[in-house]
Amino acid sequence: MGQHNYSVRPFRILLYKISKDLASDDVTLLASFSPRVFKLTQQEKATIKSALDLFVLLEKRGIKEIDHTNLLKEMVKSLENRGDLVDLVDKYQGPPVPFYEMTSKPRGICVIINNKNFIKMKAREGTDVDQGWQNWKHGWQRYEDSCYIIQYTLQTWDEAKNLCHDNLNAYLAEIKTSRENSFLMGILPKPNIDITGLAGEVWLGANALNVKRLFIWNNSSTYLDFTDWGPGEPNGRDYEHCLSTHMYNDGKLHWNDRACSTWHFFVCEKSVGLSGCGE
Numbered sequence: 179m180g181q182h183n184y185s186v187r188p189f190r191i192l193l194y195k196i197s198k199d200l201a202s203d204d205v206t207l208l209a210s211f212s213p214r215v216f217k218l219t220q221q222e223k224a225t226i227k228s229a230l231d232l233f234v235l236l237e238k239r240g241i242k243e244i245d246h247t248n249l250l251k252e253m254v255k256s257l258e259n260r261g262d263l264v265d266l267v268d269k270y271q272g273p274p275v276p277f278y279e280m281t282s283k284p285r286g287i288c289v290i291i292n293n294k295n296f297i298k299m300k301a302r303e304g305t306d307v308d309q310g311w312q313n314w315k316h317g318w319q320r321y322e323d324s325c326y327i328i329q330y331t332l333q334t335w336d337e338a339k340n341l342c343h344d345n346l347n348a349y350l351a352e353i354k355t356s357r358e359n360s361f362l363m364g365i366l367p368k369p370n371i372d373i374t375g376l377a378g379e380v381w382l383g384a385n386a387l388n389v390k391r392l393f394i395w396n397n398s399s400t401y402l403d404f405t406d407w408g409p410g411e412p413n414g415r416d417y418e419h420c421l422s423t424h425m426y427n428d429g430k431l432h433w434n435d436r437a438c439s440t441w442h443f444f445v446c447e448k449s450v451g452l453s454g455c456g457e
């Protein structure tokens, strides 16, 4: 009988290392932290008997292995005197190649190999999810005079704004026309690859943090001439002052006001340079 080399995913090993060193009080605190973010049902809460139970459940619901240890880090930071666990998350190294979970049945893992020496083949067949990941995971995309790139890390609105500026010399995307909106809404991630567990939410570059509580594009300091609000939005809740996308009952992405402290993917934008979008 031949040997089989079974392996455990690195992220699952990380969860195990954290869970085996937690006291019961720590588990209770994490269990109270998680429902606020992941909206666990009563039935799901009842299955949590240990820290590993909690982490496995969260892994299924939202924390998956796609550049997103931020939520896990926030969870362990909420524990007192557990800087060792924060260090453990900081030292984590993910898989050597990017992947995403397939959504059809049967499903598995699809690995994207960034190799430019493939033999030319017939036109590929795949889903819009495949195409979105191929496009967005490997560089900037141009539309008219702007370049866009989606960042698959979970950030608050303010963190996303700073990362666009500091890391990419860009800004959170500002949508000024219907055509630009159609372009972005057509290629942004849909809920089936949205690791937040929410409905296709991605940060855009407007907020209503001013005295008048009117939405303004942050980079250009201009009011929203064009809008694509979802039904009943913005709903004027006191704590929802930042702009994201959201999947509505019509099966399309529209604009939504969200609490600025929630975590989502985000889209950065910059002007086309002399050499195009570049990297």
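Positions in the sequence shown are counted from 1; adding 178 to them yields my numbering.
No residue lacks a Cβ here, since even glycine has one placed at the ideal position from N, Cα and C.
Fill in: Backbone secondary structure at residue 434 - three-state DSSP
strand
Discussion item. Using a Cβ-Cβ cutoff of less than 7 Å, which residues in the same chain neighbour residue 343 once the five nearest sequence positions on both sides are dropped?
Written reply: 349
Discussion item. Between residue 451 and chain B, is the shortest Cβ-Cβ distance under 8 Å, so that the two count as touching?
Written reply: Reference to chain B is not applicable here, since this structure consists of a single protein chain.
Worksheet entry | Residues of its chain near residue 254, where Cβ-Cβ distance is below 7 Å and the 5 sequence neighbours each way are ignored | 196, 260, 263, 264 and 267
Item to complete: Thinking residue 351 and residue 445 are a contact (beta carbons under 8 Å), I'd like their distance in whole angstroms, please.
Response: 4 Å
Worksheet item: Got a sec, what are the start and stop residues for the beta strand (DSSP E) residue 366 sits in?
Response: Segment: none, residue 366 is in no beta strand (DSSP E) and carries neither H nor E.
Worksheet entry | the stretch 326–342 / the stretch 435–443 touching (three or more Cβ pairs under 8 Å) | yes
Fill in: Residue nearest to residue 354 in terms of C-alpha spacing, selected from 203, 330, 383 and 207
383
Item to complete: Identify which residue in 405, 392, 341 and 455 has its Cα closest to the Cα of residue 415.
Response: 392
Item to complete: Please name the residue in 406, 227, 417 and 360 whose C-alpha comes closest to that of residue 386.
Response: 417
Discussion item. Just checking residue 342 against the ligand MN - is the residue's beta carbon closer than 7 Å to any of the ligand's heavy atoms?
Written reply: The ligand MN is not among the ligands present in this structure, which contains no ligands whatsoever.
Discussion item. Can you tell me whether residue 449 is buried or exposed? The criterion is at least 16 other CB atoms within 10 Å of its CB, across all chains shown.
Written reply: exposed
Worksheet entry | Between the CA atoms of residue 388 and residue 169 - distance to the nearest angstrom | Not covered by the structure: residue 169. The range shown for the chain is 179 to 457.
Discussion item. Tell me the residue span of the alpha helix (DSSP H) that contains residue 455.
Written reply: No alpha helix (DSSP H) contains residue 455, which DSSP labels as neither H nor E.
Worksheet entry | The alpha helix (DSSP H) enclosing residue 261, as first and last residue numbers | 261–268
Item to complete: Please check the pair residue 423 and residue 433, which I expect to be a contact at CB under 8 Å, by giving their CB distance rounded to whole angstroms.
Response: 7 Å
Worksheet item: Mind checking whether residue 200 and residue 229 have CB atoms under 8 Å apart?
Response: yes
Discussion item. Using 8 Å as the threshold, is the C-beta distance between residue 330 and residue 318 below it?
Written reply: no
Worksheet item: Can you name the start and end residues of the beta strand (DSSP E) that residue 380 belongs to?
Response: 380–385
Worksheet item: Should residue 150 be labelled buried (16 or more other beta-carbon atoms within 10 Å of its own) or exposed?
Response: Given that the chain is displayed from residue 179 to residue 457, the structure contains no residue 150 and the question cannot be resolved.
Item to complete: Could you have a look at residue 350 and say whether DSSP puts it in helix, strand or coil?
Response: strand
Worksheet item: Taking the Cβ atom as the reference point for each residue, do residue 413 and residue 435 lie within a distance shorter than 8 Å?
Response: yes
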